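The next block holds one structure in the form of structure tokens; read it before the comments.
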Amino acid sequence: MTERHTHTVRADEAGERLDRLLGEMDYIVSRSMAQRLLAHGDVLVNGQVASKNHVTRPGERIEVHILPREGSSLVPENIPLDIRFEDEHLIVLSKPAGLVVHPARGHYTGTLVHALMAHSEALGMLQGEDRPGIVHRLDKDTSGLMMVAKTDEAQAILSEGLKIRSIERRYITLVHGYIAPDTGLVDAPLGRNPKDRTRMAVVSDETGKQAVTTFRALDRYMAGRNDDGYTLLECKLYTGRTHQIRVHMQYIGHPVVGDPVYGRRRLPAELGLERQFLHAYRLTFAHPITGEPLDFLDPIPEDLAGVLSRLEPDSMGITAAGEEVMPLVQRA
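Taking my numbering, the leading residue of the sequence shown gets 1, the next gets one more, and so forth.
Right, here's the structure in full:
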């Protein structure tokens with residue numbers, strides 16, 4: 001059962017950064033735990049999700065939600081896993097759309113973490129007790145390939161690989177509008193949206209973190225004089241910020257089709273799409289222990305394949321990149 005704690009900021013506590021204040025609470029064991037709670041959206045100030053940089057004011061009401069930890073109520077659950085590779089060091093799996101990666105506010109059970117705990121007793125714990133094995137994340141409604149570490153050593157090496165950009169992650173996405181260039185780069189820092197802390201945004205102040213996404217156009221559909229239609233892209237991440245592709249695509253005026261947060265509210269019913277069109281189709285990296293080159297491909301799921309089938313009659317012509325990529329992502 002989730003613990004809930006409240007605290008009203010006293011006059012002598014005003015002006016202190018929220019993560020520091022939380023780190024002094026008896027029920028929070030460290031400042032790093034406080035920062036994880038803030039990053040997960042489990043801390044509210046006057047009913048709004050707060051950031052670790054929030055500076056407290058007298059009389060503010062702080063509410064903290066602490067999820068069950070290992071050894072208490074974080075119980076393994078028999079949830080099927082689509083495993084593509086496994087040895088004593090790591091797992092590579094395909095996450096389906098609709099599955100949350102780890103416990104967070106509003107998702108205390110039924111996550112990938114619960115499934116991993118049922119599958120393996122050995123999982124790296126460097127990311128905390130509520131994230132066993134986790135190296136990186138995919139959004140709930142994004143499908144595709146993920147790495148999971150079964151040891152602390154593998155978790156540390158894979159995490160470092162993400163930081164130094166030695167791990168290659170490629171995605172397929174369908175976006176609104178006609179993108180004329182066959183290739184492009186978006187280099188725009190991301191941070192919490194100052195008006196809505198549950199969302200990310202391109203920000204120009206010190207809270208922004210470097211975020212770089214490159215893309216290649218694979219196909220274009222139904223484009224007309226009003227920049228309507230769609231463009232199919234392959235996106236490559238050079239950084240791994242929260243919602244990075246979704247926010248970057250919105251930033252350049254071509255939001256991901258079906259995105260309920262950053263996309264367009266109206267979606268043509270004939271597409272038959274019920275979630276964002278975003279799939280992690282390729283994962284390339286060196287084995288964290290042996291150094292063996294590993295390269296995994298995951299064809300797009302049936303729901304996304306169905307959308308492309310409906311759009312195919314309106315294709316404006318597959319590109320050179322599309323000729324290379326589409327055979328890799330299309331199901332047999």
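Virtual Cβ for every residue (Gly too), placed ideally from N, Cα, C.
Values in this document were obtained by computation on a predicted structure and should not be read as measured data.
For Met200, count neighbouring C-beta atoms within 10 Å of its own C-beta (all shown protein chains included) and say buried if the count is 16 or more, exposed if not. The residue you call residue 200 lines up with position 200 of the sequence shown. By the neighbour-count rule (16 or more Cβ atoms within 10 Å), Met200 is buried.
Check whether the region 143-150 touches the region 177-189, taking contact to mean three or more Cβ pairs, one atom from each stretch, closer than 8 Å. no
So, helix, strand or coil for Asp87, using DSSP? Locating residue 87 in the sequence shown gives position 87, where the first residue counts as 1. In this structure, Asp87 counts as coil in the three-state DSSP scheme.
Looking at C-beta atoms only, is the number of pairs between the region 149-166 and the region 286-300 that lie closer than 8 Å three or more? At 8 Å Cβ cutoff, the stretches touch.
In angstroms, rounded to a whole number, what distance separates the CA positions of Glu292 and Ala122? Along the sequence shown, one-based indexing puts residue 292 at 292. Along the sequence shown, one-based indexing puts residue 122 at 122. In a straight line, the C-alpha of Glu292 is about 22 Å away from that of Ala122.
Among Arg310, Gly322, Glu160, nearest to Leu273 - alpha-carbon criterion: If you number the sequence shown from 1, residue 273 lands on position 273. When each option's Cα is compared against that of Leu273, the closest is Arg310.
Taking only three categories from DSSP, how would you classify Gly144? Mapped onto the sequence shown, residue 144 falls at position 144. Residue state, collapsed to three classes: strand.
Compute the beta-carbon to beta-carbon distance between Leu232 and Thr213, rounded to the nearest angstrom, for a pair I have assumed lies under 8 Å. Here residue 232 refers to the residue found at position 232 of the sequence shown. Here residue 213 refers to the residue found at position 213 of the sequence shown. Not really, about 16 Å apart at Cβ, beyond 8 Å.
Out of Arg197, Ile172, Ser204, point me to the one whose CA is closest to Asp187's CA. Position 187 of the sequence shown, counted from the start, is the residue given in the question as residue 187. The shortest C-alpha separation from Asp187 is found at Ser204.
Three-state secondary structure (DSSP) of Gln35: Here the question's residue 35 lines up with position 35 in the sequence shown. In this structure, Gln35 counts as helix in the three-state DSSP scheme.
Going by CA-CA distance only, name the one from His40, Thr6, Ala11 that's closest to Ala25. The residue given as residue 25 occupies position 25 in the sequence shown. In the sequence as presented, Ala is not what sits at residue 25; that position holds Met. Cα-wise, what sits closest to Met25 is Thr6.
For the beta strand (DSSP E) holding Ala217, just list the boundary residues, first then last. Taking the sequence shown and counting its residues from 1, one reaches residue 217 at position 217. Its beta strand (DSSP E) spans residues 212-221.
Cα-Cα separation, Arg170 to Leu294: As a first step, residue 170 must be located in the sequence shown, where it is residue number 170. As a first step, residue 294 must be located in the sequence shown, where it is residue number 294. Using only the alpha carbons, I get a separation of about 14 Å.
Helix, strand or coil for Met25 per DSSP? For the purposes of this step, residue 25 is taken as residue 25 along the sequence shown, with counting starting at 1. Coil.
Can you tell me where the beta strand (DSSP E) with Tyr230 in it begins and where it stops? Working through the sequence shown from its first residue, we reach residue 230 at position 230. Counting along the chain, the beta strand (DSSP E) containing Tyr230 begins and ends at 230-237.
When you compare only the Cα positions, how much space is there between Met33 and Ile167? If you number the sequence shown from 1, residue 33 lands on position 33. If you number the sequence shown from 1, residue 167 lands on position 167. Answer to the nearest angstrom: the Cα atoms are 27 Å apart.
Identify, in the order they occur along the chain, each residue of the same chain with its Cβ nearer than 7 Å to the Cβ of Ala14, setting aside the five sequence neighbours on each side. Residue numbering aside, residue 14 sits at position 14 when the sequence shown is read from its first letter. For Ala14, where only same-chain residues beyond five positions count, the Cβ hits under 7 Å are Thr56, Arg57, Pro58.
Given Leu116, which residues of its chain have a CB within under 7 Å of its CB, disregarding the five upstream and five downstream residues? Here residue 116 corresponds to residue number 116 of the sequence shown, with the count starting at 1. Closer than 7 Å at Cβ, skipping near neighbours: Leu123, Pro132, Gly133, Val148.
With DSSP as the reference, label Leu308 as helix, strand or coil. Locating residue 308 in the sequence shown gives position 308, where the first residue counts as 1. Three-state result, Leu308: helix.
Mind checking Gly71: buried by the 16 CB within 10 Å criterion, or exposed? Locating residue 71 in the sequence shown gives position 71, where the first residue counts as 1. With a pLDDT of only 42 at Gly71, under 50, the local geometry of the prediction cannot be trusted, and no value is derived from it.
Selected residue, minimal CA-CA separation from Gly106, among His65, Leu112, His136, Leu93: By 1-based counting over the sequence shown, the position of residue 106 is 106. Looking at the Cα atoms, His65 is the closest of the given residues.
By Cβ distance below 7 Å, which residues in the same chain neighbour Asp141 in space, the five residues on each side in sequence not counted? Sequence index remark: in the sequence shown, residue 141 carries index 141 (1-based). Counting only Cβ-Cβ distances below 7 Å, and skipping sequence neighbours, we find Ala97, Gly98, Arg275, Gln276.
What residue does the beta strand (DSSP E) around His176 start on, and which one ends it? Here the question's residue 176 lines up with position 176 in the sequence shown. Where His176 is concerned, the enclosing beta strand (DSSP E) stretches over 168-176.
Just the C-alpha distance for Ala11 and Gln35, rounded to the nearest angstrom, thanks. For the purposes of this step, residue 11 is taken as residue 11 along the sequence shown, with counting starting at 1. For the purposes of this step, residue 35 is taken as residue 35 along the sequence shown, with counting starting at 1. Roughly 23 Å separates the two Cα atoms.
On the three-state DSSP scale, how would you describe Lys209? One-based indexing of the sequence shown puts residue 209 at position 209. Lys209 falls in the strand class under three-state DSSP.
Can you look up Ile318 in the DSSP assignment and give me helix, strand or coil? Sequence index remark: in the sequence shown, residue 318 carries index 318 (1-based). Residue state, collapsed to three classes: coil.
Give me the Cβ distance between Gln330 and Pro299, rounded to the nearest whole Å; I'm assuming they're in contact under 8 Å. To locate residue 330, count along the sequence shown from 1; it is residue 330. To locate residue 299, count along the sequence shown from 1; it is residue 299. With a Cβ gap of about 6 Å, Gln330 and Pro299 count as contacting.
Can the beta-carbon of Val247 be found closer than 8 Å to that of Leu162? Here residue 247 refers to the residue found at position 247 when the sequence shown is read from its first residue. Here residue 162 refers to the residue found at position 162 when the sequence shown is read from its first residue. Using a Cβ distance threshold of 8 Å, Val247 and Leu162 do not count as a contacting pair.
Per DSSP, Asn193 forms a beta bridge with which residues? Start at 1 with the first residue of the sequence shown, and residue 193 comes out as number 193. In DSSP, Asn193 forms a bridge with Asp196.
For the beta strand (DSSP E) that Arg61 lies in, which residues bound it at each end? Taking the sequence shown and counting its residues from 1, the one referred to as residue 61 is at position 61. 61-66 is the extent of the beta strand (DSSP E) around Arg61.
Which residue comes first and which comes last in the alpha helix (DSSP H) that contains Arg246? Residue 246 sits at position 246 when you count from the first residue of the sequence shown. Counting along the chain, the alpha helix (DSSP H) containing Arg246 begins and ends at 244-251.
Local Cβ density within 10 Å of Glu234, reported as buried at 16 or more and exposed below that: Taking the first residue of the sequence shown as 1, we reach residue 234 at position 234. With 16 or more Cβ atoms within 10 Å of its Cβ, Glu234 is classed as buried.
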